[in-house]
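Structure first, commentary second.
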Amino acid sequence: MVGALAMPFCDASAEDRPKWYVAPLLGLSQMSDIDVDARGVFGSSGTTEVSLGSGFLAGVSLGYRFTDQWSSEFAWEYRTNDSSTVLPNGRQFEEGNYASNTFSLNGKYAFSSGTRWQPFIGAGLIWVQEVDIDLESHGQEFSYSADGDVGFQLLGGASYRLSDAFELEAALRYSSISGIDLSPEEGAQGQFMNVDYKPVSAQLALKYWF
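Using the numbering used here, read the sequence shown as starting at 57 and increasing by one per residue.
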């Protein structure tokens with residue numbers, strides 16, 4: 057089986073292969089705890105720690121291959137991570153989540169291997185359609201959100217050609233958006249300022265070439 061995976065792959069020429077692909081994706085999301093500036097959040101101001109746990113992501117991308125090595129993709133993604141927050145005055149929100157809807161544009165470079173495997177690296181820009189922190193305690197939920205912020209991301213991984221039409225891709229990705237100001241939604245009070253959003257993702261995508 058190992059020999060079959062590593063054997064040379066007689067691929068179609070670059071001109072004959074399809075140039076477009078669509079790829080649904082799923083993955084795991086991890087973020088480090090963050091310190092944010094709370095201003096008048098339920099009567100409390102000062103530095104607040106938001107503890108972040110594991111999470112998941114789902115999305116879809118549309119890509120175009122310029123050459124065997126160079127491609128670009130446009131992607132949409134929904135992500136959520138569990139959170140808990142303690143305000144400067146000691147008020148605790150034991151549950152919650154830090155979630156986002158984002159769009160990204162990435163460029164990717166694939167390394168030639170002569171097999172069905174093809175490692176790659178990439179980088180791109182990420183735009184936030186919406187990002188929010190939800191604070192939950194005793195059945196109550198309060199949300200703080202923002203939109204329109206821009207950041208960057210780095211990615212790397214490998215793809216495995218299943219057939220001329222299907223390809224499986226595994227990737228690690230780091231995204232970074234800094235200085236987000238979150239405003240209160242209905243029922244919430246105050247603001248969270250200078251919030252960072254820097255998730256690390258492990259994701260799996262199934263590409264369909266057409």
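All C-beta atoms, glycine included, are put in the ideal place defined by N, C-alpha and C.
Predicted model only: the values in this text are computed from it and were never measured.
Exercise for the section: With a cut-off of 8 Å on the beta carbons, I'd call Asp190 and Ser199 a contact; round off their distance for me. Expected result: 5 Å
Practice task
Evaluate contact between the region 97–105 and the region 141–151, counting only Cβ atoms and requiring at least three cross-stretch pairs below 8 Å.
Solution key: yes
Practice task
State the start and end residues of the unbroken beta strand (DSSP E) segment that holds Lys164.
Solution key: Lys164 -> beta strand (DSSP E) spans Glu151 to Ala166.
Practice task
Check whether the Cβ atoms of Ala226 and Leu262 lie closer than 8 Å to each other.
Solution key: no
Exercise for the section: Could you tell me the distance, in whole angstroms, from the CA atom of Ala94 to the CA atom of Ala244? Expected result: If you draw a straight line from the Cα of Ala94 to the Cα of Ala244, it is about 12 Å long.
Problem - Nonlocal neighbours in the same chain, by C-beta distance under 8 Å from Ser128, ignoring five residues either side - result: Around Ser128: Gly119, Tyr120, Phe122, Leu161, Asn162, Gly163 and Lys164.
Exercise for the section: Identify, in the order they occur along the chain, each residue of the same chain with its Cβ nearer than 6 Å to the Cβ of Pro255, setting aside the five sequence neighbours on each side. Expected result: Ser85, Met87 and Ser231
Practice task
Tell whether a beta-carbon distance below 8 Å holds between Tyr134 and Asn157.
Solution key: yes
Exercise for the section: Any chance you could list the alpha helix (DSSP H) runs of at least 4 consecutive residues sitting entirely within the region 203–252, in chain order? Expected result: Counting only runs of 4 or more, we get nothing.
Practice task
Excluding the 5 residues preceding and the 5 following Ser110 in the sequence, name in chain order all residues of the same chain whose CB lies nearer than 8 Å to its CB.
Solution key: Excluding positions up to five away in sequence, the list reads Leu84, Ser85, Gln86, Asn137 and Asp138.
Problem - Separation of Ala214 from Glu150, as counted between CA atoms - result: 38 Å
Handout entry: Nearest-angstrom Cα separation, counted from Leu211 out to Ala60
Key = Note that Ala60 scores 44 on pLDDT, short of 50, meaning its location in the model is unreliable; the coordinates nonetheless yield the value given after this. Each residue's alpha carbon lies about 27 Å from the other.
Handout entry: Run of the beta strand (DSSP E) containing Thr103, from where it starts to where it stops
Key = Counting along the chain, Thr103 sits inside the beta strand (DSSP E) bounded by residues Ser100 to Arg121.
Problem - Residue range of the unbroken beta strand (DSSP E) whose run includes Ser88 - result: Element bounds for Ser88: n/a, residue is neither H nor E.
Exercise for the section: For the beta strand (DSSP E) holding Leu191, just list the boundary residues, first then last. Expected result: Trp173 to Ser193
Handout entry: Straight-line Cα distance separating Leu82 from Val116
Key = 9 Å
Practice task
Let me know if Tyr253 comes out buried or exposed under the rule of 16 or more other beta-carbons within 10 Å of its beta-carbon.
Solution key: buried
Practice task
Rank Ala166, Arg229 and Tyr264 by C-alpha distance to the C-alpha of Leu181 and give the top, closest one.
Solution key: Arg229
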